[in-house]
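With positions in the sequence shown counted from 1, the corresponding number in the numbering used here is that position plus 68.
Below is one structure, written out as structure tokens, with a few remarks after it.
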Amino acid sequence: MDTQVAQANFSAYAYMAIENVLTTPSHLNLFNFATVSGMREISLKPAYRNILSGKVTLPLKDKDGTPIVAIAESGFALATKITHIYFEQNANFTSKYTTIKDKAFYNYNVSAGGVQNSVLETVVLPDSLLYIKQEAFFAQRNLKNINLPDSIVEI
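Below, the structure is given as structure tokens:
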């Protein structure tokens, strides 16, 4: 019984703490960071895909201070409660994000019957972005606003 209470309290705390976050610093430990083919990538930890909600601002650097250059393949797939994606703004450090990889914000789950309910409406991309890979925003039916910076060379 105590274990169930502790889990319920953690879940309630995690939900309350995360739901109202407008800026999501990398030290909150919501993200995984990896270096793949020389690119520092960010992804949302699977445990938070159905918890993190509302407006999310992605950090420019990982928790060790390494610049992030890509959103990982399927990095935010099936994170169905996020309404807005922003990228951190910092006058002292320019965004290094260049790539949104395949299926980064993919919203389709075959085992759950297909397209999932999603509330993602707005994505504000950084001016440093060069590439948006295949199916990056597949099945995001509520996506209404996305800016495409002049820097983009491939979609």
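Just so you know, even glycine gets a beta-carbon here, dropped at the ideal spot from N, CA and C.
This structure is a prediction, so every number in the text was calculated from the model and none was measured.
Cut-off 6 Å between Cβ atoms - residues of its own chain near Thr-190, not counting five sequence neighbours on either side: His-152 and Asn-213
Spatial distance of Tyr-174 from Tyr-199 (CA atoms): 16 Å
Residues near Glu-109 in its chain [Cβ-Cβ closer than 6 Å; skip 5 each side]: Result list for Glu-109: Ala-102, Ala-138 and Ala-140, in chain order.
Which of helix, strand or coil DSSP assigns to Tyr-259: Outside the displayed range of the chain (69 to 223) lies residue 259, so it cannot be described from this structure.
Presumed contact (8 Å Cβ cut-off) between Ser-219 and Leu-197, rounded CB distance: Right, their Cβ atoms sit about 6 Å apart.
Whether Ile-168 touches Ala-145 by CB criterion (8 Å): No, Cβ-Cβ distance for Ile-168 and Ala-145 is not below 8 Å.
Cβ pair Thr-148, Ser-186 closer than 8 Å: Against a cut-off of 8 Å, the Cβ pair of Ser-186 and Thr-148 comes out as a contact.
Element boundaries [beta strand (DSSP E), containing Lys-123]: 122 to 126
Residues near Leu-193 by beta carbon distance below 6 Å, same chain, minus five either side: Excluding sequence neighbours, Leu-193 sits near Asn-215 and Pro-217.
Own chain partners of Leu-112 with C-beta closer than 7 Å, once the 5 adjacent residues on each side are dropped: Taken in chain order, the residues that qualify are Leu-98, Phe-99, Leu-120, Gly-143, Phe-144 and Ala-147.
Among Asp-195, Asn-177, Tyr-176 and Asp-170, nearest to Lys-201 - alpha-carbon criterion: Asp-170
Range covered by the beta strand (DSSP E) that runs through Asn-100: 99 to 104
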